[in-house]
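The block underneath contains the structure these notes are about, expressed in structure tokens.
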Amino acid sequence: MTSQQRVLNILVEAVDTLTDDFDLIEFLHRLSLRCVELLDVDAVGLMIVDQHDELQLIAASDEKTHLLELFALQHAQGPCVRCYHSGQAQLNISLTTSAATAGFGPFAARARKAGFTTTHALPMKLRHQVVGAVNLFSTKINRLSASDIQIGQALADLATIAILQQRTIEHSHTEKAQLQSALSSRVVIEQAKGILSERQGLGLDETFDSMRAYARPRHLRLTELAQQVIDNTFEGNIAPAEIPERP
Amino acid sequence: MDMSATLARILRDLPDGSGAALLGGDPVRCARLLGVDGIAVSLGTDGAPTELVWSTPGQSAALEDLQCTLGEGPGFDAYRHRTLIAIPDLQQAATHRWPAFLPEAGELGLGALFCFPLHLGAVSLGVLTVQRTNPSTLDPVQTNDALILAAAMTAALIRDSGQRASFARAEPHTSLHRAAVHQATGMISVQANVSLTEAMALLRAHAYRTERPLLTAAEDVVSRRLHFRDNRDGTATPSGNKD
């Protein structure tokens, strides 16, 4: 398949998924996986702004806790923050040169420790307002081509639309309320991961993939599954995921 | 987004609940900022937000009492389902939803109600309710200010965890967004056999006792260096193999 065809497939898949009660977290996770695949990077995270106007992680291509923590470090510093405040893509930032990482040294050090050498951030925009950023990491020196950037931006726009079209809040469709509701789904999933990992003796890093593997064939939203786990009404058996979906 | 000086001041005063109050700051000023006639915060006990801790006098306090007496109302639903509930016109609200509450709320002279849950994921702490005598919607700026306020109140209440007086060292609110904190909360709830809300309080109390940031304590739980044991008498004991 050419990359053009793959992009088209992803767009069709996305439009198909965005029905009334779609699973936002699953959707965003899949979008980050596609982003890894299409742009030939190694990790992708979607960050959106919270009530305090700081960036928080909503979904990532890889749910390992150390990676979640790396993204989380960017609430106040890093390329995503610059991208969010300027509305401009921050591209081809070398994590190994101090000039390129001036102003976010601690974040860059942590990213290098995780094995990354290049990072990029693309704005998540609705009309003229920026609501977050897509963060890309690569373990090799990598420059995004003009067409990579276009593809990345299209995926960023899709993520924005998905987040802002949730209909979970009665009579209130303000963007902040929707962003907050999305971030809250994320927290519920982390809480359920903790419970499941402890109850079923799973490693925390595998729990997310196991939850997905359980939820998908049953057409259960991840947040619904998480809620059942939390309410102790979940009676299924979540086995360790055999082969986590990898690009 | 530019935060007004008034809101900044209210946020600064919130965690400083001196005396008997859990929350600091002036509810009347807060109501004025949000362009509403009254504001109230009730905390959850036994699955419903029944403990009124902060409000403007009069209608708002009466509204919270009313929901407690009847055992139903939008505040209860916002708390249970952890979702924002907006009723811009009480006269137009579907009566089947709160059959006992709606007529009584009309009697109180209320026109519009907006309930914001105070929660962290599935940890429900309470509900913030603002009301107006005349039916109307909250505009986007007012909604956003109310959301900011609700988040700040949640942070202030989490921070409390029973030892507010000694909490000079404020927790950065961003730690409440960190994955490890929520994963640890889930793990502790299983280890100590308590609710998520209590698990969060245990974690918080441990961080305080050991004088470490919440996130560090959470990371210890997640990496299984720290464990909470159920004492089967309603208490839990942390134990860890320090490295």
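Chains as they are written, first to last, in our numbering: chain U, 41 to 287; chain A, 11 to 253. Every residue gets a Cβ at the ideal spot worked out from N, C-alpha and C, and that includes glycine. In this text the structure is predicted, and so the values were computed from the model without any measurement.
With respect to the alpha helix (DSSP H) encompassing residue i, which residues constitute its N-terminal and C-terminal limits?
i	result
A/Gly136	Careful: A/Gly136 lies outside any alpha helix (DSSP H), inside the beta strand (DSSP E) at Val133 to Arg142.
U/Phe248	Leu244 to Ala255
A/Gln101	It is not in any alpha helix (DSSP H) - A/Gln101 carries neither H nor E in the DSSP assignment.
U/Ile50	Ser43 to Thr57
A/His192	Ala189 to Gln201
U/Arg74	Leu64 to Leu79
U/Asp188	Ala186 to Leu204
When the cut-off is 7 Å and only beta carbons count, does residue i lie next to chain U?
i	result
A/His192	yes
A/Gly196	yes
A/Ile20	no
A/Val200	yes
A/Gly131	yes
A/Arg234	no
A/Ala189	yes
A/Ile168	no
A/Ile49	no
A/Pro84	no
A/Asn5	Because residue 5 of chain A is not part of the residues shown, which for chain A are 11 to 253, the question remains open.
A/Pro248	no
A/Pro150	yes
A/Thr153	yes
A/Leu295	This structure does not reach residue 295 of chain A, given that chain A is present from 11 up to 253, and the question cannot be answered.
A/Ala165	no
A/Leu206	yes
Can you look up residue i in the DSSP assignment and give me helix, strand or coil?
i	result
A/Gln173	Residue placement at A/Gln173 is flagged as unreliable, the pLDDT there being 43, under the threshold of 50; a coordinate-derived value is accordingly withheld.
U/His160	strand
U/Lys216	helix
A/Ser65	strand
A/Pro248	strand
A/Ala18	helix
U/Ser134	strand
A/Ala166	helix
A/Phe86	helix
A/Cys78	helix
A/Thr93	coil
U/His92	coil
A/Thr60	strand
A/Gly116	helix
U/Lys104	coil
U/Ala142	coil
U/Gly85	strand
U/Leu166	strand
A/Thr147	coil
A/Asp36	coil
A/Leu24	coil
U/His259	coil
Got a sec, what are the start and stop residues for the beta strand (DSSP E) residue i sits in?
i	result
A/Gly219	The residue you asked about is not Gly; residue 219 of chain A is Arg in the sequence shown. Premise fails: A/Arg219 lies in the alpha helix (DSSP H), Leu206 to Arg219, not in any beta strand (DSSP E).
A/Val51	Gly48 to Thr55
U/Ser97	A small fix is needed here, since residue 97 of chain U is Leu in this sequence, not Ser. Here the beta strand (DSSP E) through U/Leu97 covers Leu95 to Ala100.
A/Phe238	Leu236 to Asp240
U/Glu146	The sequence given here has Pro at residue 146 of chain U, not Glu. Unbroken run through U/Pro146 is the alpha helix (DSSP H), Gly145 to Lys153; no beta strand (DSSP E).
U/Ser178	Gln169 to Ser178
U/Ala266	No beta strand (DSSP E) contains U/Ala266, which is instead part of the alpha helix (DSSP H) from Leu262 to Asp271.
A/His129	Ala122 to Leu130
Hey, does residue i have any beta-carbon neighbour from chain A nearer than 7 Å?
i	result
U/Gly234	yes
U/Lys346	Lying outside 41 to 287, the shown extent of chain U, residue 346 of chain U is not represented and no answer is given.
U/Ala194	no
U/Ile88	no
U/Lys180	no
U/Gln231	yes
U/Arg239	yes
U/Leu48	no
U/Ile270	yes
U/Leu244	yes
U/Ala112	yes
My guess is that residue i and residue j are in contact by the Cβ rule of under 8 Å, so how many angstroms apart are they, rounded?
i	j	result
U/Leu78	U/Arg46	6 Å
A/Val46	A/Val137	The pair is not a contact, with the Cβ atoms about 15 Å apart (cut-off 8 Å).
U/Ser224	A/Gly131	6 Å
A/Leu62	A/Ala72	In fact, because the Cβ distance is near 10 Å, the residues do not count as touching under 8 Å.
U/Ser101	U/Val76	5 Å
U/Leu68	U/Ile98	6 Å
U/Leu95	U/Tyr124	6 Å
### Query
Can at least three beta-carbon pairs, one atom from the region 180-190 of chain U and one from the region 105-120 of chain U, be found at a separation below 8 Å?
no
### Task
For the region 238-246 of chain U and the region 193-201 of chain A, state whether three or more C-beta atom pairs, one from each stretch, are separated by less than 8 Å.
yes
### Message
Is it the case that the region 31-43 of chain A contacts the region 76-87 of chain A, given that we only count it when at least three CB pairs across the two stretches are under 8 Å?
### Response
Touching, no.
### Task
Tell me, please, whether the region 259-271 of chain U touches the region 216-232 of chain A by the rule of three or more beta-carbon pairs shorter than 8 Å.
Fewer than three pairs of CB atoms, one per stretch, sit closer than 8 Å, so the region 259-271 of chain U makes no contact with the region 216-232 of chain A.
#### Entry: Inter-stretch contact at 8 Å, needing at least 3 Cβ pairs: the region 84-102 of chain U / the region 162-181 of chain U
Yes, the region 84-102 of chain U is in contact with the region 162-181 of chain U.
### Query
Does the region 121-130 of chain A come close enough to the region 53-71 of chain U that 3 or more CB-CB pairs lie under 8 Å?
No: the two stretches stay apart, fewer than three of their Cβ pairs being nearer than 8 Å.
### Query
Does the pairing of the region 262-280 of chain U with the region 227-235 of chain U give three or more beta-carbon distances under 8 Å?
yes
#### Entry: Inter-stretch contact (C-beta, 8 Å, three-pair minimum) for the region 122-131 of chain U and the region 183-202 of chain U
yes
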